[in-house]
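Residue numbers (the numbering used here): 81 to 575.
Below is one structure, written out as structure tokens, with a few remarks after it.
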Amino acid sequence: MNNRKLYANMNLSCKVVSIGQVECSYMATLSLDEHFVASLKVIDIEVEFYNKIEGLEEFLICAKASNDYLTLRGTSIIEPYFAISEIVDDNVYSKATVSFWISDIFVGGEYAVEQNNELRFSGFSCQFTDVFELFGMYPYKIENESQKCLFQSATIANSTKTMEFDGGYSCFVAPYVYKKDSDYIFSMQGRLNYSTVELERITTLKEKIRMLELFFDILCGETVTVLDVTLDNGNNIFEYIGLCNYPKNRLKRLSNGSDLKWYPRKSIFKLSDWKDTGKNVIELFTELARNNLLAMESYKQVLLDEQIKIVTYNKFLKVMQMIEGIMRDPVLQQEMDDFNNKKQEVLAKIETEEDRIFINNYCVNNGDSFRKCLKKITRECLRVLSDAGTDKIFRNYDKLITKIINDRDAYTHASQECEPVMSEEEINLVNCCYKEFFRIIVLEKLGISEKLIRMRFLFNAKFVDSYKILFGLTIINVDDKYDTGEFDDEMCDYV
């Protein structure tokens with residue numbers, strides 16, 4: 081059940097006891113909107129105190145609300161409002177009402193800030209949207225009789241299922257039954273945990289959570305958001321707000337009415353796909369994402385466009401950025417050294433300073449060209465999906481690749497000399513196929529087998545159709561089996 085102390089669209093009265101390292105005693109209201117964007121409104125601040133905090137750019141605020149201790153990280157002061165409080169012997173005394181933007185909120189049995197005014201923790205526990213399906217660890221069956229769910233003791237006697245990963249990560253899934261009115265409701269809960277011996281800054285832990293969020297984005301091809309986060313500093317557990325703790329508005333439910341989603345999606349890759357071979361998958365993905373950060377950011381922007389159903393040429397350019405980012409090989413150091421040595425030899429032979437400046441500025445080794453990147457990802461994904469990566473077959477797609485490059489250059493440079501040649505329908509097909517090609521390359525790098533990639537993508541109806549229209553190919557299935565794992569086999573009973 082949900083035991084959160086903070087929730088959307090709430091106003092919480094509290095008493096502020098310090099701002100920065102300056103102690104105080106002021107009444108305030110903490111407000112959260114529907115997206116958990118927070119602000120703090122503090123009233124009756126003396127002008128002298130305001131002058132002490134006016135120049136702060138990032139600071140911690142400690143406040144007490146009922147039995148809870150709030151530690152807030154402020155990022156800026158919203159324009160204050162001053163009003164006359166009293167006039168004594170012709171002296172005018174003013175007080176201010178000041179509002180702060182709050183980026184992070186920590187709620188616990190004590191203040192989260194250390195004596196050196198830092199926020200450091202030994203780990204976190206978090207939940208994401210679709211977490212039960214994305215973990216894929218706990219298949220179950222529910223028997224339905226006269227519209228009432230009967231749960232056999234064996235169904236929930238298995239208690240908790242866990243997986244551990246390198247780097248201090250672990251996850252669990254567990255069932256629970258609770259009573260609502262006169263009905264017993266069966267549900268599942270799952271969380272991903274991280275723990276470390278050394279205390280880490282909140283900024284470091286936020287990056288780790290965002291990497292996990294991005295990892296699940298790759299697994300399912302949809303936007304995944306953080307539902308809730310708790311932090312541990314070794315002495316206390318803190319509820320944390322600051323990573324868009326925002327559930328999806330609509331979640332599908334099982335057709336039998338239980339408090340769960342409907343789980344027929346075999347197309348989604350799951351953590352259990354690595355249960356035997358991928359103890360290092362989270363660390364491996366983190367390194368991959370850091371080395372391809374711009375490509376990953378473009379991927380998240382594409383997912384956001386799809387979620388809010390925006391179709392523009394910018395989406396096409398973002399997909400192309402993804403492809404170039406993930407496929408461009410870094411220039412090897414030896415190759416770069418050879419290039420620089422040759423460049424110096426050429427410069428030594430040039431007589432005019434103007435020519436030297438030109439060669440020095442424009443003779444640059446940038447590694448792979450965009451055409452080469454596009455060809456590499458197309459060839460690799462056609463090979464994986466359809467065993468169609470040979471030179472003879474691949475030559476059939478030279479015209480398509482040229483059209484993609486032409487339109488990418490046209491929209492990037494807005495040149496009158498280069499006009500787009502693809503229709504809106506063609507661009508949508510390209511966006512769909514190459515977005516999934518990007519996922520295929522990442523999943524390959526994470527150790528997912530080609531067979532499982534084919535099996536899961538066979539259930540991605542939109543991609544299957546787009547792939548066939550754009551390339552005239554189908555995804556091969558040699559043995560005509562559709563085995564995507566135990567979880568899918570059990571849960572597809574609810575299709």
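For glycine and all other residues, C-beta sits at the position ideal for the given N, C-alpha and C.
Just so we're clear, the structure is a prediction, and the values are computed from it rather than from any experiment.
Thinking C-alpha only, which one of the options is nearest residue i?
i    : options                : result
T242 : E126, E363, N557, G216 : G216
G565 : K395, T357, K350, D545 : K350
V253 : E213, R290, Y514, E280 : E213
D471 : L480, T482, R459, L140 : R459
N508 : K531, R281, I533, D545 : D545
N540 : I520, K525, L526       : I520
V464 : L199, N131, N557, G301 : N557
Q101 : M107, G154, N89, N147  : G154
F201 : P255, C104, L454, N273 : N273
V382 : F450, E570, T303       : T303
L299 : D418, E278, K346, E287 : K346
E280 : G270, K359, L199, N371 : L199
Is residue i helix, strand or coil by DSSP?
i    : result
M243 : strand
N273 : strand
Q207 : strand
G100 : coil
K450 : One detail in the question is off: residue 450 reads as Phe in this sequence, not Lys. Three-state DSSP puts F450 in a helix.
M376 : helix
E194 : coil
C512 : helix
G405 : helix
L292 : helix
Which same chain residues, not among the five before or five after residue i, have their C-beta less than 8 Å away from its C-beta?
i    : result
L397 : R488, Y491, T492
G469 : R459, E460, L462, R463
I533 : V464, L465, I520, L523, E524
I549 : L509
Going by the beta-carbon positions, is the gap between residue i and residue j smaller than 8 Å?
i    : j    : result
M402 : A375 : yes
T310 : E319 : yes
S119 : F180 : yes
I457 : M407 : yes
C175 : C94  : Residue 175 is actually Lys in this sequence, not Cys. Their beta carbons are not under 8 Å apart, which means K175 does not touch C94 by this criterion.
Y218 : M291 : no
Y87  : T151 : no
I157 : V178 : yes
I141 : G322 : no
V211 : L368 : no
V361 : G527 : yes
F365 : F295 : yes
I133 : Y106 : no
K479 : V501 : no
According to DSSP, residue i sits in a beta bridge with which residue or residues?
i    : result
A118 : L112, I182
F318 : L311
Y249 : Y274
F162 : A176
Kindly list the residues whose CB is nearer than 6 Å to the CB of residue i, restricted to its own chain and excluding five residues on each side of it in sequence; keep chain order.
i    : result
I317 : T310
G337 : Because the pLDDT of G337 is 32, which lies under 50, any placement of that residue in the model is unreliable, and the number read from its coordinates should be weighed accordingly. Once the five neighbours on either side are set aside, G337 has no close Cβ partner at all.
G270 : V211, F212, F215, V253
N91  : T109, S111
From the beta carbon of residue i, is the nearest beta carbon of chain B less than 8 Å away?
i    : result
L523 : The chain labelled as chain B is not found in the depicted structure, where only one protein chain is given.
Between which residues of its own chain and residue i is the CB-CB distance below 7 Å, once the five residues before and five after are set aside?
i    : result
R436 : L427, I430
S250 : T242, M243, E244, N273
K423 : C443
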